[in-house]
Amino acid sequence: MKNPEKHYEYAITADALSKHFGDFTAVDRITFNVRRGEIFGFLGANGAGKTTAMRMLCGLSKPSSGEATVAGYDVAAQPEDIKRNIGYMSQKFSLYEDLTVTENIRFFAGIYGLSDAAIREKSASLLRHLQLEAEKNKLVQSLPLGWKQKLAFSIAIIHEPKIVFLDEPTGGVDPLTRREFWEMIYTSARQGTTIFVTTHYMDEAEYCHRVSIMVDGRIAALDTPAALKKHFGAASMNEVFLQLARQATRQAD
Amino acid sequence: MKEQFLAFVRKEWFHIWRDKKTLFILFGLPVVQIIIFGFALTNEIKNARIAVVDRSRDALSQQYIQRIEASRYFDIESMLGSANEADAEFRKGKIKLVVVIPENFGSDIRHQNKTQVQVIADVSDPNTGTTLGTYIQAITADFQSDINQGQKLPYTIQPEVRMLYNPQLKGAYNFVPGVMAMVLMLICTLMTSIAIVKEKETGTMEVLLVSPLKPVLVILAKSTPYLLLSAVNIVSILLLSVFVLGLPIAGNLALLIGLSLLFTITSLSFGMLISSITASQQTAMLISLMGLFLPTLMLSGFMFPIENMPLPLKVMSNLVPAKWYFFIVKAVMIKGVGMAIIWKETLILTVMTIVFLALSIRKYNIRLANH
């Protein structure tokens with residue numbers, strides 16, 4: 000069943016990728032490449048079109064025009080192949096609150112087709128890493144927010160995807176937990192996983208290898224955080240973001 | 000594929016099992032309803048379709064038939080040659096009652112001053128059946144007093160009423176099929192639509208859509224536990240009605256269960272359709288209740304006779320899946336008929352199921368293209 004391992008240079012490519020809803024252009028000819036193992040920050044104000052762009056890359060939404068590949072597969076033609084090779088964690092919770100920690104792990108590993116032996120091994124090491132062994136039979140709803148998010152991330156990469164999409168993964172968490180979360184992201188990237196992350200927190204943007212900033216459906220800037228700050232003569236990513244966001248004509252949704 | 004499916008069904012079962020209150024309602028509801036609906040309502044019936052067997056064919060019998068015809072309660076659907084023919088009409092559900100006028104109706108009256116008519120009523124719905132029987136008796140008494148005017152020795156026409164299908168006038172004969180329709184609709188449509196919409200609301204649906212699971216598999220896996228729950232309820236309702244209410248199953252049990260499962264699938268597919276057009280659990284619940292529960296209660300013929308309704312409601316009742324299922328259950332369970340009589344209703348349910356499924360798949364594809 001499985002396709003032969005595809006060789007590709009970039010984890011993600013987008014070429015004039017667009018999405019229209021009637022007269023409204025949510026995503027307007029965006030073009031960028033993401034290298035393998037890169038942590039790519041995907042920034043933009045609410046309504047700038049980043050969620051729509053991300054949905055297209057995940058195969059959840061069909062592009063109106065333009066092309067994009069993820070893990071070497073075409074988003075319009077091969078969404079099923081893409082789904083096997085990506086992990087996803089959304090801004091809302093990706094876990095079932097009325098299931099225990101172990102049940103959540105087993106379920107998500109199960110739907111990605113992991114064998115029983117692999118599931119046992121994976122969940123044991125995952126619980127050890129997160130130091131959740133004592134809580135493994137507790138319902139997820141009883142865990143603190145930060146733990147849930149770390150667990151959600153670990154589950155999102157349990158099938159060892161080539162690329163992980165994180166949609167505002169750290170919303171509502173305290174700075175310390177966010178720091179720990181980013182350490183997990185770094186570890187995962189060092190092991191070769193490509194990270195595609197949207198965030199509202201500009202300090203988090205500094206952690207990314209490269210950052211793109213969307214304004215009104217277009218990519219207004221794309222570079223390393225250091226280069227962006229230099230180009231805009233700004234002291235922080237927050238200033239860069241504000242300078243660009245002020246150009247926006249579109250209302251947030 | 001199989002492992003993915005099983006992992007999903009297991010997870011779905013945890014959801015249901017953890018929610019003890021809902022679980023209790025799901026299994027308690029049929030029992031409570033069976034008991035509550037024992038006290039059904041009485042209603043006046045208009046324009047009930049009946050048949051007449053006139054074996055006398057004399058002037059008096061003609062007068063008598065005209066008297067029945069003139070009443071607003073009855074429409075004479077057909078004149079039959081013998082009482083045996085009536086049996087087939089009853090089984091098809093075409094008529095509710097047969098009046099059999101014996102040979103020598105007119106001459107008996109003149110020579111012996113008395114005669115009889117036989118009234119056979121379908122009382123599988125005891126309210127309608129007995130009410131119609133009473134109406135016939137009243138009309139007969141009325142007719143008798145008319146022809147007695149100026150008579151010294153009074154004439155007597157003795158109506159002999161025979162109850163068909165439900166001689167003990169058990170209300171259960173009517174409400175058991177009704178409760179089955181309601182419970183299956185409730186579990187399958189309401190619970191399925193809520194379960195699917197809940198995943199949308201909590202955001203887990205996105206995660207499922209991004210996973211390699213086929214959407215069809217997600218939907219199938221989500222509905223499987225409810226299909227099983229429904230099967231348990233079908234069996235428990237049947238057991239209750241046989242052993243507690245003493246209502247025998249006249250027809251083929253396998254056919255009854257098979258068609259109940261068909262109706263379960265109709266309800267499930269309707270639940271999927273609702274979930275594909277709604278984004279919140281409240282909306283799903285409202286649509287299920289307004290679009291389904293009330294029509295099922297009002298328009299399936301379970302509570303209120305459809306014969307009595309104004310034309311627009313009669314037409315609307317055809318869109319209610321429960322109406323067809325209600326007919327099927329009554330026909331198989333009480334009258335003991337087979338597929339030959341109920342193929343039309345079965346076909347309608349099948350077509351409805353296909354339409355619901357096609358619409359929800361279409362809706363899903365549009366969603367993929369437009370979001």
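Here the protein sequences come in this chain order: A and B.
Position 46, counted from 1, in the first sequence is what numbering that gives the first Met the number 0 calls 45; the numbers after and before it change by one each time, with no gaps.
Position 156, counted from 1, in the second sequence is what numbering that gives the first Met the number 0 calls 155; the numbers after and before it change by one each time, with no gaps.
In this text, a Cβ means the ideal position worked out from N, Cα and C, and glycines have one as well.
Just so it is clear, the structure is predicted and the values come from calculations on it, not from any experiment.
Around A:G86, the same chain offers A155, I156, P160, V163 as residues with beta carbons nearer than 6 Å, after the five sequence neighbours per side are excluded. With a cut-off of 8 Å on Cβ pairs, the stretch 101 to 118 of chain A is not in contact with the stretch 33 to 41 of chain A, counting fewer than three such pairs. By the rule that beta-carbons nearer than 9 Å mark a contact, B:L208 touches chain A. DSSP places B:R48 in the strand class (E or B) of the three-state scheme. When A:S17, A:D73, A:T223, A:A70 are compared, the shortest CA-CA separation from A:T50 is found for A:S17. Residue range 104 to 111 is occupied by the alpha helix (DSSP H) that includes B:D107, with no beta strand (DSSP E) assigned at that position. If you draw a straight line from the Cα of B:F355 to the Cα of B:S268, it comes to about 6 Å. Using a Cβ distance threshold of 9 Å, A:M183 and A:V210 do not count as a contacting pair. Taking a 10 Å sphere around the C-beta of B:Q32, we find 16 or more other C-beta atoms and assign the residue as buried.
In the three-state reduction of the DSSP assignment, A:N136 falls in the coil class. Think of a sphere of 8 Å around the beta carbon of A:Y72: no beta carbon from chain B falls inside it, the nearest being about 12 Å out. Per DSSP, the unbroken alpha helix (DSSP H) holding A:G145 starts and ends at 144 to 155. Its chain contains I15, W16 as the residues whose beta carbon lies nearer than 8 Å to that of B:L22, once the 5 sequence neighbours on both sides are disregarded; these appear in chain order. Taking a cut-off of 8 Å on C-beta distances, the stretch 66 to 75 of chain B touches the stretch 130 to 141 of chain B, as three or more cross pairs fall below it.
Per the coordinates, the alpha-carbon of B:L96 lies some 16 Å from the alpha-carbon of B:Y63. Here A:F231 carries a coil assignment [DSSP, helix/strand/coil].
Taking a Cβ-Cβ cut-off of 9 Å, the neighbours of A:E102 in chain B comprise R9, K10, F13, given in sequence order. For B:W342, the closest alpha carbon among the candidates B:G270, B:N307, B:L254, B:I276 is that of B:L254.
Straight through space, the alpha carbons of B:N232 and B:L25 are spaced by roughly 8 Å. Out of B:S60, B:P294, B:V30, the CA that lies nearest to the CA of B:I156 is found in B:S60. A contact is defined here as three or more CB-CB pairs under 8 Å, and the stretch 181 to 191 of chain B meets this definition with respect to the stretch 262 to 282 of chain B. Nearest CB-CB separation between B:Q3 and chain A: below the 9 Å threshold.
A:L56 counts as buried, since no fewer than 16 other beta carbons sit within 10 angstroms of its beta carbon. Neighbours of B:R361 across chain A, judged by C-beta separation under 7 Å, do not exist; the nearest C-beta is about 15 Å away.
Not flagged as an interface residue toward chain B: A:K135, since no C-beta distance is shorter than 9 Å. Residues A249, G250 of the same chain have their beta carbon placed closer than 6 Å to that of B:G335, with the five preceding and five following residues left out of the count.
When Cβ-Cβ separations below 9 Å define contact, A:L94 makes contact with chain B. The C-alpha of A:L175 is placed about 21 Å away from the C-alpha of A:E134. The beta carbons of B:V175 and B:A278 sit no closer together than 9 Å. Excluding the 5 residues flanking it on each side, B:E159 has same chain C-beta neighbours closer than 6 Å at Q115, Q117, in chain order. Ranking B:E344, B:G105, B:L244, B:V319 by CA distance to the CA of B:M297 puts B:V319 first. For A:R209, the secondary structure class from DSSP, reduced to helix, strand or coil, is strand. In this structure, the straight-line span from the alpha carbon of B:P224 to that of B:R66 is close to 57 Å.
When beta bridges are read from the DSSP output, A:Q130 appears opposite no residue. In the structure shown, B:V182 falls within a helical segment according to DSSP collapsed to helix, strand and coil.
Look at A:Y111: its C-beta is under 9 Å from a C-beta on chain B.
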